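Take the sequence shown: its letter number 224 is residue 211 in this note's numbering, and every next letter is one higher. Written below as structure tokens is the structure these notes are about.
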Amino acid sequence: MNAIDVVNVTKTYRKYARRKQFATLKSAILSGTLVNDLNPEETFNALTGVSFSVRQGCTFGIVGRNGSGKSTALKVVAGITKPTTGTVSVQGRVSALIELGAGFHPEISGRENVFINGIMLGLSKKEITRRFDEIVEFAEIENFIDAPVKTYSSGMYMRLGFAVAIHVDPDVLLIDEVLAVGDEAFTHKCLDKFAEFRRRNKTVLLVTHSLNLVERFCDEALWLNDGRARATGDPRRVVSAYITDVEKQEERHMAEADAKAQAVVDQQSCAAESVDSRAPSPESRIPGTAREAQAVEPPPDMFQATEGRWGSREGEITNVELLGEDGAAAHVFFSGERVEIRLTLKAATPLTDFVVGIGIFNVDGVCAFGTNTNIEELKADRLEGEGRVTFAIDGLDLVAGTYKLDVGLHKLDGYSYDYHRLLYSFRVKSRTQDAGIYRPRHAWAFDGGVSFKERVAGS
């Protein structure tokens, strides 16, 4: 038996139309404004043809980006808003943890608000009185229950709303990203309450950005994207498909950001060359002269330098790629994966004095790793025409985060042929949220009187 059936639901909202206003309802009807304003270009669909079913006693998760229609789907199921087309059927008493404390009045006490909110959720005064102490204890506000709600912190306010909603004893519990209503201890208490609901064969519909929570807590899942259902079924399969799509979007955004940064640097270089060409001198292009040294000298403090490119260009880095384990260019990697940094070099005239360098920095400018061919005792022989250098990292042992790449081609004495500063970005993903930068290969072992329980879902 299904507790929730959503069949081909579309929810259409009207966009704000600044230019088309009407003075009265009569004038709007006579002019046809009410109908004409709802043409396709002035509306948008929060949901389009969405269908899913939730079995009784099942915990069902909905995932997706912000604006994908998750909260709208929950509000349609809760009856807060009606679908434009399609049908929604829900069996049993529903409690919605969507806008916690939405019915609270700030001027009256928490005690009075508990009764008012409970009645709004379908409880009788007698039922609220019987559950009152349990609600207050769960919300952890015993010392403030008789104070006006306007004196509560945001956390207290949300915890009380959560406690009232969850003690309605519903057949169907709708949850919209409310596990951030308290500290870690309160989150564990909420998860324990959800587990109790499952044991009692209650139905839970959960909207959350916590993918671990969906994988560990839900029986089925739905992925919404731009108001449309993209995948439904096994939580791990759905979450995996969603993560893959997110990574593709991240790849595209990071590639666009890198291209933009490189274009800005190239424009600045062209502008500088244009200024130089207005007053040429015989010695201006001779490597090693005072003017040439001034033009190619790197910033005084490399670790304080911002995005840029400098050098004489006697030797050039014409292309930089990061390659994943499949050999394809990428910007997003998982911690521990094999990664290759591939540089294409070019020299119009042969070079025998050259060093190739690589540097990895986090977004705060902290150097995570840096090396070059000279440090690793590789003696340069010859660079002529075009060539390729590949720097292979067997395991990218960095914690999750965004990193920037420096690449350089220079002489042994530091004279820059071509240096690219922070022009290439990549992101490291990890299910484990470590601190710092480096994530060494490691393992835990426990014996004797030391033991640990399995990690709590979503924690």
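Glycine residues also receive a C-beta, built at the ideal position from the N, C-alpha and C atoms. Everything numeric in this text was worked out from a predicted model, so none of it was measured.
Taking the alpha-carbon positions, what's the residue i to residue j distance?
i: Arg186; j: Arg408; result: 57 Å
i: Val(-4); j: Leu110; result: 30 Å
i: Glu237; j: Phe341; result: 35 Å
i: Arg1; j: Phe173; result: 39 Å
i: Ala277; j: Ser197; result: Confidence at Ala277 is low in this model, with a pLDDT of 33, below 50, so the placement of that residue is unreliable and no value is reported for it.
i: Ala152; j: Glu29; result: 37 Å
i: Ser417; j: Val326; result: 15 Å
i: Val(-7); j: Arg42; result: 12 Å
i: Ala65; j: Thr195; result: 16 Å
i: Val283; j: Val415; result: Low confidence applies here, because Val283 scores a pLDDT of 44, under 50, leaving its location unreliable; read the following figure in that light. Spanning the two alpha carbons is a distance of roughly 33 Å.
i: Arg272; j: Glu364; result: Legend: pLDDT at Arg272 = 36, less than 50; position of this residue unreliable, no value from coordinates given.
i: Ile362; j: Ala432; result: 37 Å
i: Leu193; j: Tyr139; result: 27 Å
i: Ala444; j: Glu371; result: Reliability fails at Ala444, whose pLDDT of 46 lies under 50, so the model's placement of it is uncertain and no value is given.
i: Phe413; j: Gly54; result: 25 Å
i: Thr377; j: Ile328; result: 6 Å
i: Met241; j: Ile345; result: 20 Å
i: Ser446; j: Gly302; result: Unreliable placement is indicated for Ser446, whose pLDDT of 45 sits below 50; no coordinate value is reported for it.
Using the rule of at least 16 other Cβ atoms within 10 Å of the residue's Cβ for burial, across every protein chain shown, is residue i buried or exposed?
i: Arg239; result: exposed
i: Val437; result: exposed
i: Gly401; result: exposed
i: Val81; result: buried
i: Ser268; result: Here Ser268 scores only 40 on pLDDT, less than 50, and its place in the model should not be relied on; the value that follows carries that caveat. Flag for Ser268 reads exposed.
i: Pro93; result: exposed
i: Thr339; result: exposed
i: Met145; result: buried
i: Thr35; result: buried
i: Asp133; result: exposed
i: Pro337; result: exposed
i: Gly56; result: buried
i: His429; result: exposed
Grab me the residues of residue i's own chain with a C-beta within less than 8 Å of its C-beta, minus the 5 sequence neighbours each way, in chain order.
i: Arg300; result: Tyr404, Asp405
i: Lys235; result: none
i: Gly220; result: Glu207, Ala208
i: Arg224; result: Ala218
Let me make sure I understand the geometry here. Which of the options has the alpha-carbon closest to that of residue i?
i: Val226; options: Val50, Asn32, Leu147, Thr419; result: Val50
i: Gln254; options: Glu183, Asp163, Asp133, Trp297; result: Trp297
i: Asp450; options: Gly382, Phe204, Gly44; result: No answer is possible for residue 450: it lies beyond the span of the chain, which begins at -12 and ends at 446.
i: Leu310; options: Ile304, Glu202, Val319; result: Val319
i: Asp156; options: Glu308, Val136, Leu84; result: Leu84
By Cβ distance below 6 Å, which residues in the same chain neighbour residue i in space, the five residues on each side in sequence not counted?
i: Gly79; result: Asp158, Val159
i: Glu312; result: Glu324, Arg325
i: Ala126; result: Arg146, Leu147, Ala150
I'd like the list of long-range same chain contacts for residue i, defined as Cβ closer than 7 Å, with 5 residues on each side in sequence excluded.
i: Thr71; result: Thr(-3), Lys(-2), Thr(-1)
i: Arg426; result: Ser322, Asp384, Leu385, Val386
i: Arg98; result: Ile132, Asp133
Kindly indicate if chain C contains any beta-carbon less than 8 Å away from that of residue i.
i: Asn32; result: Structure shown: chain C not included; a single protein chain is present.
Contiguous beta strand (DSSP E) assignments of at least 3 residues, all confined to the region 381 to 430: Taken in chain order, the complete beta strand (DSSP E) segments of 3 residues or longer contained in the region 381 to 430 are 388 to 397, 403 to 416.
At what residue ranges does the region 288 to 353 contain a whole run of the beta strand (DSSP E), taking only runs of 3 or more? Runs of beta strand (DSSP E) with 3 or more residues, each lying fully within the region 288 to 353, are found at 295 to 297, 302 to 310, 319 to 321, 326 to 338, 342 to 349, listed in chain order.
Scan the region 164 to 209 and note each continuous beta strand (DSSP E) run of 3 residues or more that stays entirely inside, going in chain order. For the region 164 to 209, the full-length beta strand (DSSP E) segments reaching 3 residues or more read 190 to 194 along the chain.
Which parts of the region 30 to 54 are runs of the beta strand (DSSP E), unbroken and 3 residues or longer, counting only runs that do not cross its ends? Those beta strand (DSSP E) runs which fall completely within the region 30 to 54 and span 3+ residues are 30 to 42, 46 to 50.
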